[in-house]
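Only one structure is covered here, and it is reproduced in the block below.
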Amino acid sequence: MSNYNNEMVEKFRGNFLKEVEANVEEGDWVKMCMQCGVCSGSCPLGPHWEHPPQEIFMLIRANKREEVLNSSSMWMCTSCYNCIARCPRGLPITHIMHGLATYAKRLGLAPKQQATAKFAQLFWDNLVKTGRVNELKLGLSLYFMNGIGEGIKTSLKMKDIGLGMLKTKRMSPMEMLGGHGCKDAKGLHAILKKAKEIEEAKIGIHGA
Amino acid sequence: MSEVIATNQTILVVGGGISGLTAALEAAECGKQVILVEKNPSVGGRVSQLYKYFPKLCMPSCGLEINLRRLKANKNLRLLTMTEVTHVEGDTGNYTVTLKTTPRYVNENCTACGECAKVVETEFASEYNYGLGKRKGAYLNHPMAHPQRYILDARIIGTPDADKAKAACKYDAIELDMQPAETQLTVGAIIWATGWKPYDAAKIQPYGYDRYPNVITSVEFERMADPFGPTGGKLLRPGDGKEAKNVAFIQCAGSRDVNHLAHCSRICCMATLKQTTYLREKYADDFKSTVYYIDIRAIDRIDDFYQRVQADTNITFTKSKVANITQDKDGNPVLHGVDTEGYHRYSNPHDLCVLAVGMEPSVPKDGFPMSIKLNPEGFVEQDPANGGFFAAGCSSDALDVNRAVQSATASALRAIQVVNKVAGMEG
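Read top to bottom, the protein sequences are chains A and B.
According to my numbering, the residues represented by the first sequence are 1 to 208, in order.
According to my numbering, the residues represented by the second sequence are 1001 to 1427, in order.
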C-alpha cells in the first residue's frame, strides 16, 4: 500500500463516493446512475466482467472501496462507447471506467496480473524513453510479459510474420540498439516531469 | 363554411380530444361562447383510440358518448373540424386568430350511409389504427366519430374513385370542388388542448422497431386489443399473423432518457399494467408476459392495480432496461440485457415485444403560430407571460385521462376569468 492510499483512506474515511467524485476523472457523474442496467447489457465484454459498470456504480455508493479498486473490471473496457451512447442519464461511462483504472493504479491497488494494466505500463515505459514507440521492443516485451517460456513460444509462433516484416522493411532489427526517437527526448522528459508534478500537486500526493 | 360569429368574449379551444372537449364544454356550460377547432375530421382524439381505461378497465366510448351528447346539446359551443390555427395576434382579452379549414369534400347533407365507401377502391394506411390495417379513400374514422360525416381523402380527388363516390351518394353530399377556407376571428382567450403524440419508436435504434415486424408500440397494441380494431380484438403478430401469447413489455421506451425524452411520460407504467390484463382477458391462463422496467411508477390509488397485476403468476417483472433486441429465425424478438436484481444476464425470446412509448407534445417547440412560453420538454408553461393562453391536458404535461380532464377544467376556469374581465370592462 502506498502512502497516497493511506492518505486517501484517512481523508475520505467511510465515504468512497466522495472520494471518487474528488479524485476520479468524471467521477462526479457516478451519483447520477439510476441502475437501469442498460450499460451492463450493452457491453460487448459484459459476460467477462467481474462487475459490469452499473454494478461498479452501486458498489461505489455502497462504500465497497477495496472491492472496486482491486477489481479487474474497469481494465476490461475496450472503449467501444456502446454504454455512453445508450445511457439514459448521459453518464460518460467509458471515461469513468478509465478514470477508475487510473486511480486504482495510482493508489497501487490495481490488480498486479491484469493483462491490460501490464500492457499499458509496458507501452508507457517504452514510449517515454525516446518519445517514439519502439515497436520491436514493445512487441518482444509483450511476448515475454508472462515469463521466458511463454515468450519463446509466442516468438516462434510469430516468427514468419516477423521475418516477413523484416523482408518488406516494415521493421528494422537496428531498433534493438536504442532505436529512433523524437528530436528532443530530453525536452520531452522535462515536460513529462513537470506534468507529473502538476498532477500530483492537484490530487495531493505528498512524497508518494 | 357558414359564418362563425365571435367576439372578444369568446373562448377559442384548440384541439378536440378529451381535454379540449372538456374545456370547451365546461366553459360553454357556464354560459360562455366557445369555438372548438379540431384539425382531424372528428373529435375524441387519442381517447377514442383506447380500448380500455385504467384503472377501472371501463370503455372510453362511454365517457366520450356523454361528452358528445353534451356537445350536441349546447348552443354556446361551435365545433369546426378539419381546421387549424395558422396565426394569432393581439393580447389578453383581444386576440385575432386566423383559421384554415381543409376541405372534407362532404357537406352537411351526409347521413353516414356509407355508400361512397363501398364504391371507392383506393385504400390508405389507417391513421386511426396507427397504420395497422387500411381504410378506404372515403371513410368514417370510427363508428362513434362525431360529426357523423364521411370524408374523402384528398389523395383520391381528381381520380375516377372520387367520381364514383359522388355518383354513389344519394343525398348530394359530395362536393368535389370544395376549397380550403380561411377565417379570421376575434376571441378573448385561447385554450391550447393540442395534446400529445407517441414518441417515434424508430428513433430508439437498439430496439429495432423499424427493422423487426414483431416489435410494436403500446398504442398499436391497444388498437389490436380493441374488438373494433384492425385485428378484431385478436392479438396477432404483424410479422406472421400468429397469436402472441408470450408478450414482453419494455418500459421507458423513449422516456426518462436524455437521448430521447428527458421527462417521465407518467402513463406508460399504468398503460402496460392495463395491457397485461388484456392477455388474461383474451387467453385466460394460457399466456405469459414479462414487464422490463427501471421502476414501476404506479402512484396513489393506482398502486392497488399494480399489486393486482403482480399477484398474477403468469406475469413476470424484470428490473432491467433492455439493452437491445435481435430477431431469431422464427421472427421472435429476442431481448438482451442484465437483470439488475442479482445481475443475471438474459437473452429472452418472446412472441411479441411492446414498446411502452413515451408522450411528447403534438406541437413541436417551434410549431405554435405565435410566441408562447414552453418548458424544456416542449409542454406549455403556466406562466403570466402567456397572458390569455392556457394549456389543457397533455399540451401542459404528460398526463393520464383523469389528470388531463382536471387540467382542462382548470384551464376553462382561467379562460372564463379573462373573458369575464373583458365583459366587466365593456359593461
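Ideal placement from N, C-alpha and C gives every residue a C-beta, glycine not left out.
DSSP three-state assignment for residue i, whether helix, strand or coil
i: residue 1303 of chain B; result: helix
i: residue 1140 of chain B; result: coil
i: residue 1091 of chain B; result: strand
i: residue 970 of chain B; result: Look at the range of chain B in this structure, 1001 to 1427, and you will see that residue 970 of chain B is not part of it.
i: residue 128 of chain A; result: helix
i: residue 1374 of chain B; result: strand
i: residue 1134 of chain B; result: strand
i: residue 208 of chain A; result: Any reading at residue 208 of chain A must be qualified, since the residue scores a pLDDT of 42, below 50, and its modelled position is unreliable; the value itself is stated next. The answer is coil: DSSP assigns residue 208 of chain A none of H, G, I, E or B.
i: residue 1425 of chain B; result: helix
i: residue 1406 of chain B; result: helix
i: residue 1198 of chain B; result: strand
i: residue 119 of chain A; result: helix
i: residue 1001 of chain B; result: With a pLDDT of 46 at residue 1001 of chain B, under the threshold of 50, the modelled position of this residue cannot be trusted; read the value that follows with caution. Residue 1001 of chain B falls in the coil class under three-state DSSP.
i: residue 1237 of chain B; result: coil
i: residue 102 of chain A; result: helix
i: residue 1007 of chain B; result: coil
i: residue 1168 of chain B; result: helix
i: residue 1116 of chain B; result: helix
i: residue 86 of chain A; result: helix
Contact check, residue i vs residue j, beta carbons under 8 Å
i: residue 1320 of chain B; j: residue 1361 of chain B; result: no
i: residue 239 of chain A; j: residue 99 of chain A; result: Outside the shown range of chain A, which is 1 to 208, sits residue 239 of chain A, and nothing can be said about it.
i: residue 1340 of chain B; j: residue 37 of chain A; result: yes
i: residue 1029 of chain B; j: residue 1074 of chain B; result: yes
i: residue 1251 of chain B; j: residue 1292 of chain B; result: yes
i: residue 1195 of chain B; j: residue 1015 of chain B; result: yes
i: residue 1287 of chain B; j: residue 1356 of chain B; result: no
i: residue 84 of chain A; j: residue 53 of chain A; result: no
i: residue 1071 of chain B; j: residue 1140 of chain B; result: no
i: residue 1117 of chain B; j: residue 1171 of chain B; result: no
i: residue 1079 of chain B; j: residue 1224 of chain B; result: no
i: residue 1439 of chain B; j: residue 1199 of chain B; result: Any question about residue 1439 of chain B goes unanswered here, given that chain B covers just 1001 to 1427.
i: residue 1077 of chain B; j: residue 1182 of chain B; result: no
i: residue 1176 of chain B; j: residue 1154 of chain B; result: no
i: residue 21 of chain A; j: residue 30 of chain A; result: yes
Cβ neighbours of residue i in the same chain (closer than 6 Å, five flanking residues each side left out)
i: residue 1392 of chain B; result: 1019, 1023, 1191, 1193, 1407, 1408 and 1411
i: residue 1053 of chain B; result: 1060
i: residue 1378 of chain B; result: 1361 and 1365
i: residue 17 of chain A; result: 60 and 61
i: residue 1089 of chain B; result: 1096
i: residue 1001 of chain B; result: For residue 1001 of chain B, the predicted model reports a pLDDT of 46, less than 50, meaning its position is unreliable; a value from the coordinates is still stated below. 1101 and 1181, listed in sequence order.
i: residue 1084 of chain B; result: 1039 and 1100
Chain A residues whose Cβ lies nearer than 7 Å to that of residue i
i: residue 1316 of chain B; result: Ordered by position in chain A, no residue passes the 7 Å Cβ test against residue 1316 of chain B, which lies about 16 Å from the chain.
Enclosing beta strand (DSSP E) for residue i [first to last residue]
i: residue 1354 of chain B; result: 1352-1357
i: residue 1337 of chain B; result: 1333-1339
i: residue 1347 of chain B; result: 1344-1349
i: residue 1186 of chain B; result: 1181-1187
i: residue 1012 of chain B; result: 1010-1014
i: residue 64 of chain A; result: Per DSSP, residue 64 of chain A belongs to no beta strand (DSSP E) and is neither H nor E.
i: residue 1290 of chain B; result: 1288-1293
i: residue 1231 of chain B; result: Taken as a continuous stretch (DSSP letters only), residue 1231 of chain B belongs to no beta strand (DSSP E), as it is neither H nor E.
i: residue 211 of chain A; result: Residue 211 of chain A lies beyond the stretch modelled for chain A, which goes from 1 to 208, so this question has no answer here.
i: residue 1076 of chain B; result: First-last for residue 1076 of chain B: undefined, no H or E at that position.
Partner residues on chain B for residue i, Cβ-Cβ distance less than 9 Å
i: residue 47 of chain A; result: 1345
Chain B contact residues for residue i, given Cβ-Cβ distances below 8 Å
i: residue 36 of chain A; result: 1252, 1294, 1320, 1321 and 1340
i: residue 52 of chain A; result: 1338 and 1343
Partner residues on chain A for residue i, Cβ-Cβ distance less than 8 Å
i: residue 1206 of chain B; result: 42 and 86
i: residue 1375 of chain B; result: Correct list: empty, because the minimum Cβ distance to chain A is about 19 Å.
Enclosing alpha helix (DSSP H) for residue i [first to last residue]
i: residue 1264 of chain B; result: Unbroken run through residue 1264 of chain B: none, as it is neither H nor E.
i: residue 1204 of chain B; result: Residue 1204 of chain B -> no alpha helix (DSSP H), and no H or E assigned at all.
i: residue 141 of chain A; result: 135-143
i: residue 38 of chain A; result: 38-42
Near the ligand ADP: residue i beta-carbon under 7 Å from a heavy atom
i: residue 74 of chain A; result: This structure simply doesn't include the ligand ADP, nor any ligand for that matter.
Close beta carbons around residue i, own chain, < 7 Å, minus the five adjacent residues each side
i: residue 1415 of chain B; result: 1011, 1027, 1189, 1191 and 1390
i: residue 1212 of chain B; result: 1325, 1327 and 1333
i: residue 1042 of chain B; result: 1081, 1141, 1145, 1146 and 1147
i: residue 1215 of chain B; result: 1207, 1208, 1209, 1325, 1333, 1353 and 1355
i: residue 73 of chain A; result: 49, 50, 51 and 56
Closer than 9 Å at the beta carbon, the chain A residues around residue i
i: residue 1256 of chain B; result: 34, 36, 88 and 89
i: residue 1259 of chain B; result: 85, 86, 87, 88 and 90
i: residue 1348 of chain B; result: Result: empty, since nearest Cβ-Cβ is about 12 Å, beyond 9 Å.
Contacts that residue i makes with chain B (C-beta to C-beta distance below 7 Å)
i: residue 55 of chain A; result: 1343
Cβ-based neighbour list, residue i, same chain, cut-off 8 Å, excluding 5 preceding and 5 following
i: residue 1372 of chain B; result: 1192, 1380, 1386 and 1389
i: residue 113 of chain A; result: none
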